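This report concerns only the one structure given below.
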Amino acid sequence: MTTETHQASQGRNHITGKYSDIFKYTNKVLDLIEKEDISQEEAAWITKETVNNFRDHVNPGFLAYRKSVTLDGQFAAVEWKDSGPNCFMDVNGKEYIDCLGGFGIYNVGHRHPKVVKAVTNQLNRQALHSQDLLDPLRAILAKIVADITPGDLKYAFFANSGTETVEAALKLAKMYSNRTTFIATTRAFHGKSLGSLSGTAKGVFRKPFLPMIPGFKHVHFGDIEMMRKTMEACAMVGEEVAGVLVEPIQGEGGVILPPDGYLKQLRELCDEFGALLIFDEVQTGMGRTGKMFCCEHYDVVPDIMCLAKAFGGGIMPAGAVIATEEVFKSFFPNPFMHTTTFGGNPLACAAAIATFNVLIEENLPARAAELGDYMMKGLREAAVGYEDKVLEIRGKGLLIGIEFATDEIGYEVSKGLFDNGVLVAGTLINAKTIRIEPPLTITYEQADRVIAEFRAVLGTISLS
57 MTTETHQASQ GRNHITGKYS DIFKYTNKVL DLIEKEDISQ EEAAWITKET
107 VNNFRDHVNP GFLAYRKSVT LDGQFAAVEW KDSGPNCFMD VNGKEYIDCL
157 GGFGIYNVGH RHPKVVKAVT NQLNRQALHS QDLLDPLRAI LAKIVADITP
207 GDLKYAFFAN SGTETVEAAL KLAKMYSNRT TFIATTRAFH GKSLGSLSGT
257 AKGVFRKPFL PMIPGFKHVH FGDIEMMRKT MEACAMVGEE VAGVLVEPIQ
307 GEGGVILPPD GYLKQLRELC DEFGALLIFD EVQTGMGRTG KMFCCEHYDV
357 VPDIMCLAKA FGGGIMPAGA VIATEEVFKS FFPNPFMHTT TFGGNPLACA
407 AAIATFNVLI EENLPARAAE LGDYMMKGLR EAAVGYEDKV LEIRGKGLLI
457 GIEFATDEIG YEVSKGLFDN GVLVAGTLIN AKTIRIEPPL TITYEQADRV
507 IAEFRAVLGT ISLS
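Adding 56 to a residue's 1-based position in the sequence shown gives its number in my numbering.
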């Protein structure tokens with residue numbers, strides 16, 4: 057017995073009782089994680105453990121919601137590994153074309169080699185930083201974000217998620233303006249922490265946690281006159297607006313595009329009333345809609361922009377809020393007014409730097425525009441003759457929404473596509489509008505298969 061083996065054996069002698077069982081369990085799981093391929097017996101064990109533990113320790117509601125779980129829970133599609141840039145496999149080896157993309161995180165594809173390499177190289181050097189010395193990748197990424205975003209957006213704060221970037225944006229706007237009123241829009245989704253949830257518009261998420269953060273008002277998305285009247289009314293009663301929070305294209309709300317001229321008029325209104333324009337590009341940014349940032353389609357520059365989802369290249373959770381110097385300088389006197397332990401960590405920054413490199417090198421925003429046009433044309437042609445089921449197919453780039461006559465039809469189409477190896481999802485736990493949001497690297501052959509499966513599934517759906 058070697059010294060190391062003896063020490064390990066001696067070190068495990070203290071493991072007794074429940075710790076012994078947990079230690080054996082974790083060893084089994086770590087062994088499975090290490091394997092390239094698993095057996096049928098192992099796949100069955102993983103499936104059983106996944107379903108049972110979701111039911112007993114995560115949230116049984118997920119089992120009721122997922123279309124990948126049978127009613128009796130005896131079978132579930134359990135995700136196990138990526139399969140090329142645009143697909144993944146379940147534990148039983150079934151491959152799915154990913155047209156959900158983790159709700160928009162896989163813009164550069166699954167496990168892009170350049171992003172994986174950057175993160176691995178940084179991991180081999182240092183995973184997290186001391187929090188005291190200056191960390192170089194955060195500074196370098198901030199410059200890249202400043203250079204690539206439109207207008208005079210200049211200073212960045214890094215976070216772990218889109219929700220966190222919205223929180224930071226709200227605090228920036230409050231500090232800058234010394235105002236407390238915000239306007240968001242109906243159907244908006246900005247996150248579920250109390251600050252971001254105050255901007256989110258779906259009642260089912262809000263009601264259990266009322267009252268929200270004070271000062272939030274909602275107006276209809278796309279209604280510029282309602283926005284003007286609300287801002288006028290706020291000014292008249294001494295509750296001037298600090299900021300208007302809006303998605304350039306509403307993603308979770310059902311892939312809702314703004315009316316012509318709306319965002320420019322919004323910019324003019326904010327300037328007139330001294331309010332900040334905050335664009336939530338968490339889902340629409342990073343090339344998704346056919347430009348690097350969605351606001352570039354409309355030639356509008358916000359005062360604050362929120363980024364996340366695809367910002368970490370589908371490898372690391374990462375997000376950023378970027379603002380003009382005029383706005384961000386509110387944080388200069390005391391940079392500890394808003395901080396985060398893990399936001400802007402070296403691994404996340406390495407992933408984001410590599411992601412921008414890939415988006416530029418592979419011209420993925422332009423590819424999103426091209427493939428988006430191709431897929432929308434094909435999907436619309438596939439829906440011909442099914443106008444009683446499909447109300448509209450809309451979108452920009454590879455952010456596409458398909459709206460059905462009822463939620464039930466949308467769910468059946470989603471389930472049918474899933475059964476045939478295409479993953480899609482509804483918006484805001486509702487299948488009346490489903491999202492087609494694949495990696496920007498999706499091939500024409502895969503797009504054709506998605507279109508063909510959509511046509512075939514529509515033919516099997518009964519309205520009765």
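Ideal placement from N, C-alpha and C gives every residue a C-beta, glycine not left out.
Since the model is a prediction, treat every value here as computed from it, not as a measurement.
Comparing alpha carbon positions, the residue from Gly278, Phe277, Leu253 closest to Pro267 is Leu253.
Within a 10 Å sphere around the beta-carbon of Gly375 sit 16 or more other beta-carbons, which makes this residue buried. Per DSSP, Leu332 is not a residue of any alpha helix (DSSP H); the beta strand (DSSP E) it occupies stretches across 332-336.
In the structure shown, Leu209 adopts extended strand secondary structure according to DSSP, grouped into three states. Cα atoms of Thr242 and Gly317: separation of roughly 18 Å, rounded to the nearest angstrom.
DSSP places Phe460 in the uninterrupted beta strand (DSSP E) bounded by 455-460. For a cut-off of 8 Å, the C-beta gap from Glu352 to Pro206 is around 6 Å, short enough to register as a contact. The residue among Ile305, Arg262, Phe329 with its C-alpha nearest the C-alpha of Glu295 is Phe329. Going by beta carbons, Lys445 and Phe460 fall inside the 7 Å limit.
Three or more Cβ pairs closer than 8 Å define a contact, and the region 417-432 meets that threshold against the region 334-354. Three or more beta-carbon pairs separated by less than 8 Å are not found between the region 432-440 and the region 404-411, which leaves the two stretches without contact.
The beta carbon of Lys230 sits closer than 7 Å to the beta carbons of Thr236, Ala298 from its chain, once the five residues preceding and following it are set aside; these are given in chain order.
Counting only residues of its own chain and dropping the five nearest sequence neighbours on each side, Val377 has a CB closer than 6 Å to the CB of Phe213, Thr221, Ala224, Ala225, Cys362. The Cβ atoms of Val469 and Val506 do not sit closer than 7 Å to each other. By the C-beta criterion, the region 355-369 is judged to be in contact with the region 335-346, since at least 3 inter-stretch pairs fall below 8 Å. Its chain contains Gly346, Gly453 as the residues whose beta carbon lies nearer than 7 Å to that of Ala425, once the 5 sequence neighbours on both sides are disregarded; these appear in chain order. Your pair Thr489 and Lys210 does not check out as a contact, with CB atoms roughly 36 Å apart and the cut at 8 Å. DSSP, reduced to helix, strand and coil, places Gln182 outside both helices and strands of the structure shown, so it counts as coil.
Look at His168 here: in three-state DSSP terms it is coil, with no helix or strand label.
A distance below 7 Å between beta-carbons, with the five flanking residues on each side excluded, links Gly278 to the following residues of its chain, in chain order: Pro314, Pro315, Tyr318.
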